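**Student:**
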Amino acid sequence: MRYMVLFVALCGLAVAYVPSSFRSQSTAGLWTDDYDLLFEPARIPLIKGDRVYTALSNFVSGEEEQFGTSTDNFYLLGGSTSLLAPFYPGLLFDRYASKNPLSTGLVNGAGDSLFGEGRVVYTQLQDLDSNGTYDYKREDITSAQAWDEHETTDAYVGVGFKAGALRLGAAFAPSCYSSQSTDPSRNFTYDRRDSSLVDGMLTYRETDTFTGFDRSRLTENNIIVNGWYDFSAVRLGLLGSFAPLANDERHDYRGWSNIDRSPANPSIIDFSREQMLDTSDIPYAGNRMGGMASVFYVPKPEIESRFYLRAYTQSLTVGADGGGLEADQIDSVCHPGTANGYDTTLHTYRGRETRQGVAVSTKQLFTVTPRFRLGLGLGFATDAWHDSLEDSTAQRSYYAFDNGDSISGHEDFQSTTTFAEEWLTRTTGTDRVLTAPVGIEFKILEPVALRLGASPTMTWRDETTVEELTASSPRVTHTVYGDSTFSDQLGGAQQNPGQSETRRSADYTTEFTYGIGYSPIDNLQVDLMGFSRLTDLRHWRLSITFKF
Amino acid sequence: MRRALLIPLILLAAFGCKKLGNPLNPDTNQPLGTGAGNLPTVAQVEPAYRDELMDDQPGDTGIQATVVVTFSDYMDPDSVVKSAKVTNTSTGQVVTGLTISYDADARKLYIRHSAWAANSAYLLALSSSLAKNRWGTPLDGNQNGKADGSPYDDALTTFYTAGSSAGACVPTWPPAIEELDPDTIRMADTLVAIAVWFTSEMDTTTLVLSNFRLVRDDGAPVTLTRFSVSPYYVTFMPAAGLSFGHRYTFTILESTVKGKAPANAPAYLLNLDTDNDGPEAAEASLTSYFLCDTVAPPEVEASEISDGVEFDFTKVMDPATLTPANIRVFDSTGYVPGSLVVTNDAPGNLTRVYYYFSRPSDGNLRAFVSRATKARSGAQLDGSFNGIGGEPWDDFWGWP
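Protein chains in written order, with our numbering: chain E, 271 to 818; chain B, 47 to 446.
Below you can see the structure in the form of structure tokens.
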């Protein structure tokens, strides 16, 4: 389930631009603006003239406060044009990228932290025999890296075509989000050299290297086709979409440590060596298909009834190479004897996430007077999901010790431990959402319009999560001693453990929204939200659209 | 599950040589656990070995009593019940009419008879070919950690009833060597007596010269004479004086040396148990050796000095063998490189080696001298102080 949560969270990050205008946001989604038409390509021809959207449009999240401190730090550019009629193209593009140095955990001589890529050399000279001259040197060289990288790119390219009452459109909306962290505790080198200044030789050498990354990448390429036909009082619209989805969570860490306690004399072998590997890759891939049928009925110019039927299905499957490996290996000279061993844990993931939904809704839009508009809506949506993830774990450890006396005795042994288990986590759930939004727009004085909206929402959710052990092999340690005796140690066994949880909830919420639309000149549209404290401009959220 | 870091790995390596501290290392001090692979054993018997079986219903006629066997592991009830056999060794008759039951939870086998014969000694045998634990692993009756098969791994115990005594009980363990002299030591006596003591009564007709052998290290056999013999020991002497400077190997031919036991004792228990780990199908011939020489091998002692360790040898050593590879010092970090200064400062102008550290030491020191070091006479180091140098266990490990 946690991967699904992560995926949904990443989806939210990936779709950086909000497909909803300030007018729509402040009237509970009932009254739309030209910007909203952009995302139904066959309706782009309805945009009269040209539009230009910039970083001032506040369409990345809609939460930017131009006079305050809240900013999304995105570059955004877009617009639409009617110059190529009967073709009406529209475009939206945003991008964010950052690479920030983090603390490496190393400090300089003044005690300040080193960021990004740091290197510290520490040298200590000692007078071991207190005769007034240095005879021993220890040198530590440590380097580490710490970075945090994010990159988000979204684009929307759509084109509409108008031929009489028929309008056709197609769009392509790719999104890509990636992040990578470089953890200094797993990206470092350490080199220690001890040397005798009297003998002129190395007396101790340790080299440690650890490198790796933690990376996530989410891509979505949405393909949209759309068509509308305008009858005299009725308009019919159909929209279909298909989006290949991919989400890859991966980390890969590798480490080596080598201690040589006799670096100057190869004839004396005294070392400790370790290797470590920690990799994990959980690639999800799948697609989402959706469709929408729309009927707009306009019996009178001041009355418009809109009806929508939406449906979608989404499926994501863990790739065949989903899994992970954790491995440690040691090899060491003892005093006396030798020891070596390894410990490996192999994970294999299998899983699938499916989600379907259908929604029906209507908007009733009334132009009561030229200065007052009223919108009422009603909608019902239901979603169902089924997620499953199977985690198979197999562990194997080996350790051998030889006391080095060339005689096989009880002190010498080889020990092997095995363990395996497989857990299955299943989540099934449904959502039913009933909304009844209401929104008004009142022109206080031309060209200033006050907007208000309320969106009462009733949500019923039913979700069951089941975790169960589907297979297990208890931990068994088999030890064979040098005198040919042996012993077995058997770990505790589990029989059909598991747990389930069912959550049923019902929430009634009402979200109130408000805003102001102001068009001082024909070429400029200013929309404003978040001005509840009129005199405190820091919380104002502005959206500026250029018109031509 | 977890992402190990290098630092724990380094710590793991540091503890890698400490057998009980390494997470990859099973605790070898743990008793054998229960489970599929372990050989089950008999943990306790009532009455105790060679003890009296008491009548638990003294008011009734005859001897009513129960023998209780407790196992180390959970046994297969059917197999363990079928494995029990009781023999009246006073008469040689197998006891019938037993009521045998097994309590799986208590891991106890109950063997009851309502009329044990008085004036008798009994032998209870649990056949290892039948008795198995719940996972099918056979009984390890002689508790040597190996599956030796039946009858060698049969679990045996004896007891007696009123009117008899412990002396009437047959042995349940084969005879073994209690002591052999000289054994792995240096002797300066060319006419040394070689004595073998046994743990139980032996058949003296098998303690004859043809079953014992003494061979010089160059392969030359040494003629022995039997000096004395009794049911519990035998002594030999070389017919002629031994030669100094040679190692002599003494061999007992196990297959022909037999014990002596009362009637009705299991025949396989008469075989000499040369490695003292219980009866087996094939016992290796016992070999031991001693060195006949007047020249003692070099020994060494180590003591800590300022910034180093001092090694005092009991002989004048061959300096070519006093190398950094053969003389080392370790601390908690590991090998401590150092420089060697060879002198004749030891008492008696014997060899003393000063080992000066090339780095600061950390923690307790441990000194090592290889058995490859030699005295000028050519004798290798005797780190075990048994008078013989150069043996596999003669590396010197000391705490200065």
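C-beta atoms are modelled at their ideal positions from N, C-alpha and C, and glycine is treated no differently. These figures come from a predicted structure and were not determined experimentally.
With a threshold of 7 Å between beta-carbons, can B:W181 be considered close to chain C, or not?
**Tutor:** The structure shown contains no chain C; its protein chains are E and B.
**Student:** Grab me the residues of E:V703's own chain with a C-beta within less than 6 Å of its C-beta, minus the 5 sequence neighbours each way, in chain order.
**Tutor:** Numbered from 1 along the first sequence, position 433 holds the residue referred to as residue 703 of chain E. Hits under 6 Å: A651, T729.
**Student:** Helix, strand or coil for E:D306, going by three-state DSSP, please let me know.
**Tutor:** For this step, residue 306 of chain E is matched to residue 36 along the first sequence. Residue state, collapsed to three classes: helix.
**Student:** Just the Cα atoms here: how many angstroms apart are B:L386 and B:A266?
**Tutor:** As a working note, residue 386 of chain B is residue 340 in the second sequence. As a working note, residue 266 of chain B is residue 220 in the second sequence. Cα to Cα, B:L386 sits roughly 43 Å from B:A266.
**Student:** Going by DSSP in three states, B:T269 sits in which element: helix, strand or coil?
**Tutor:** Counting from 1 along the second sequence, the entry for residue 269 of chain B is found at position 223. B:T269: coil per DSSP, three-state reduction.
**Student:** Quick check: the Cα distance between B:I351 and B:T397, rounded to an integer number of angstroms?
**Tutor:** Working through the second sequence from its first residue, we reach residue 351 of chain B at position 305. Working through the second sequence from its first residue, we reach residue 397 of chain B at position 351. Answer to the nearest angstrom: the Cα atoms are 16 Å apart.
**Student:** Mind listing which residues of the region 799 to 813 of chain E have their C-beta closer than 8 Å to chain B's C-betas, in chain order?
**Tutor:** none
**Student:** Using a Cβ-Cβ cut-off of 6 Å (strictly less than) and excluding sequence neighbours within five positions of E:T663, which residues of its own chain qualify?
**Tutor:** For the purposes of this step, residue 663 of chain E is taken as the residue at position 393 of the first sequence. Cβ within range, chain order: H617, E691.
**Student:** Under the rule that 16 or more other beta-carbon atoms within 10 Å means buried, what is E:L362, buried or exposed?
**Tutor:** As a first step, residue 362 of chain E is located in the first sequence; it is residue number 92 there, counting from the start. By the 16-neighbour rule on beta-carbons within 10 angstroms, E:L362 is buried.
**Student:** What separation, rounded to the nearest whole angstrom, lies between the Cα atoms of E:I494 and E:S743?
**Tutor:** In the first sequence, residue 494 of chain E corresponds to position 224, counting from 1. In the first sequence, residue 743 of chain E corresponds to position 473, counting from 1. Whole-angstrom Cα-Cα distance: 50 Å.
**Student:** The ligand SAM and B:K420: does any heavy atom of the ligand fall closer than 6 Å to the residue's C-beta?
**Tutor:** Only the bare structure without any ligand can be found here, which leaves the ligand SAM out of the picture.
**Student:** If you draw a straight line from the alpha carbon of E:L586 to that of E:R622, how long is it in whole angstroms?
**Tutor:** For the purposes of this step, residue 586 of chain E is taken as the residue at position 316 of the first sequence. For the purposes of this step, residue 622 of chain E is taken as the residue at position 352 of the first sequence. The straight-line gap from Cα to Cα measures roughly 6 Å.
**Student:** For B:A234, which residues of its own chain have a beta-carbon under 6 Å away from its beta-carbon, when the five flanking residues on both sides are left out?
**Tutor:** Locating residue 234 of chain B in the second sequence gives position 188, where the first residue counts as 1. Here the set comprises T340.
**Student:** 7 Å is my cut-off, CB to CB: does E:A286 come that close to chain B?
**Tutor:** Counted from its first residue, the first sequence places residue 286 of chain E at position 16. No, because no Cβ of chain B sits closer than 7 Å to the Cβ of E:A286.
**Student:** Please tell me whether B:R398 has its Cβ less than 7 Å away from any Cβ of chain E.
**Tutor:** Residue 398 of chain B sits at position 352 when you count from the first residue of the second sequence. No, no contact with chain E.
**Student:** State yes or no: is the beta carbon of E:I677 nearer than 7 Å to at least one beta carbon in chain B?
**Tutor:** As a first step, residue 677 of chain E must be located in the first sequence, where it is residue number 407. Yes, its Cβ sits closer than 7 Å to a Cβ of chain B.
**Student:** Please name the residues in the region 218 to 233 of chain B whose beta-carbon is closer than 7 Å to at least one beta-carbon of chain E, in chain order.
**Tutor:** Answer in chain order: no residues at all.
**Student:** Looking at the structure shown, is B:G494 part of a helix, part of a strand, or coil, going by DSSP?
**Tutor:** Lying outside 47 to 446, the shown extent of chain B, residue 494 of chain B is not represented and no answer is given.
**Student:** Measure how close the beta-carbons of E:Y474 and E:D364 come, nearest whole angstrom, since I'm counting them as under 8 Å.
**Tutor:** Translated into positions along the first sequence, residue 474 of chain E becomes position 204. Translated into positions along the first sequence, residue 364 of chain E becomes position 94. Their Cβ separation, rounded to whole angstroms, is 55 Å, which puts E:Y474 and E:D364 out of contact at 8 Å.
**Student:** On the CB-based measure, 16 or more other CB atoms within 10 Å of its CB, does B:D319 come out buried or exposed?
**Tutor:** Sequence index remark: in the second sequence, residue 319 of chain B carries index 273 (1-based). With 16 or more other Cβ atoms within 10 Å, it is buried.
**Student:** Determine the direct distance from the alpha carbon of E:K369 to that of B:V375, and round the result to whole angstroms.
**Tutor:** Here residue 375 of chain B refers to the residue found at position 329 when the second sequence is read from its first residue. Here residue 369 of chain E refers to the residue found at position 99 when the first sequence is read from its first residue. The alpha-carbon atoms of B:V375 and E:K369 are separated by roughly 51 Å.
**Student:** Let me confirm a value: E:D591 is counted as buried when at least 16 other C-beta atoms fall within 10 Å, else exposed. Which label applies?
**Tutor:** As a first step, residue 591 of chain E must be located in the first sequence, where it is residue number 321. Exposed, because fewer than 16 other Cβ atoms sit within 10 Å of the Cβ of E:D591.
**Student:** Does any CB atom of chain B fall closer than 7 Å to the CB of E:I538?
**Tutor:** Locating residue 538 of chain E in the first sequence gives position 268, where the first residue counts as 1. Closer than 7 Å to some Cβ of chain B, the Cβ of E:I538 qualifies, so yes.
**Student:** Establish whether the CB of B:Y335 and some CB of chain E are separated by less than 7 Å.
**Tutor:** By one-based count along the second sequence, residue 335 of chain B stands at place 289. No, because no Cβ of chain E sits closer than 7 Å to the Cβ of B:Y335.
**Student:** With 7 Å set as the bound, which would you pick, yes or no: does the beta-carbon of E:H605 sit closer than that to a beta-carbon of chain B?
**Tutor:** Locating residue 605 of chain E in the first sequence gives position 335, where the first residue counts as 1. True, the Cβ-Cβ gap to chain B drops below 7 Å.
**Student:** Would you report the Cα separation of E:G482 and E:M546, rounded to the nearest angstrom?
**Tutor:** For this step, residue 482 of chain E is matched to residue 212 along the first sequence. For this step, residue 546 of chain E is matched to residue 276 along the first sequence. In a straight line, the C-alpha of E:G482 is about 11 Å away from that of E:M546.
**Student:** Look up E:L836 in the DSSP assignment and say whether it is helix, strand or coil.
**Tutor:** This structure cannot speak to residue 836 of chain E, because chain E is shown only from 271 to 818.
**Student:** For B:K192, which residues in chain E fall below 7 Å Cβ to Cβ?
**Tutor:** Position 146 of the second sequence, counted from the first residue, corresponds to residue 192 of chain B. Result: S754, T755.
**Student:** Between the Cα of E:N496 and those of E:I314, E:R641, E:G589, E:A367, spot the shortest distance and give me the residue it belongs to.
**Tutor:** As a first step, residue 496 of chain E must be located in the first sequence, where it is residue number 226. Residue E:I314 is the option with its Cα nearest to E:N496.
**Student:** Tell me whether the beta-carbon of B:L169 lies closer than 7 Å to the beta-carbon of B:T204.
**Tutor:** Position 123 of the second sequence holds residue 169 of chain B. Position 158 of the second sequence holds residue 204 of chain B. Their beta carbons are under 7 Å apart, which means B:L169 touches B:T204 by this criterion.
**Student:** Is E:T473 close to chain B? Criterion is C-beta to C-beta, closer than 7 Å.
**Tutor:** Here residue 473 of chain E corresponds to residue number 203 of the first sequence, with the count starting at 1. Yes, its Cβ sits closer than 7 Å to a Cβ of chain B.
**Student:** Label E:D540 either buried or exposed according to how many other C-beta atoms from any shown protein chain fall within 10 Å of its C-beta, with 16 as the threshold for buried.
**Tutor:** Taking the first residue of the first sequence as 1, we reach residue 540 of chain E at position 270. Buried.
**Student:** Given a threshold of 16 other Cβ atoms within 10 Å of its Cβ, counted over all protein chains shown, does B:G67 qualify as buried or as exposed?
**Tutor:** Numbered from its first residue, the second sequence carries residue 67 of chain B at position 21. Since pLDDT at B:G67 reaches only 35, below the 50 mark, its modelled position is unreliable, and the value read off the structure follows with that caveat. B:G67 comes out exposed.
**Student:** Tell me which same chain residues have a C-beta within less than 6 Å of the C-beta of B:T142, skipping the five on either side of it?
**Tutor:** Here residue 142 of chain B corresponds to residue number 96 of the second sequence, with the count starting at 1. Closer than 6 Å at the Cβ level, and outside the excluded window around B:T142, lies no residue.
**Student:** Using a beta-carbon distance below 7 Å, is E:D231 in contact with chain B?
**Tutor:** Absent from the model: residue 231 of chain E. The displayed extent of chain E is 271 to 818, so no value can be given.
**Student:** Going along chain B in order, which residues have a C-beta closer than 9 Å to the C-beta of E:A534?
**Tutor:** What you label residue 534 of chain E is simply residue 264 of the first sequence in a count that begins at 1. Neighbours of E:A534 on chain B, chain order: P383, S404.
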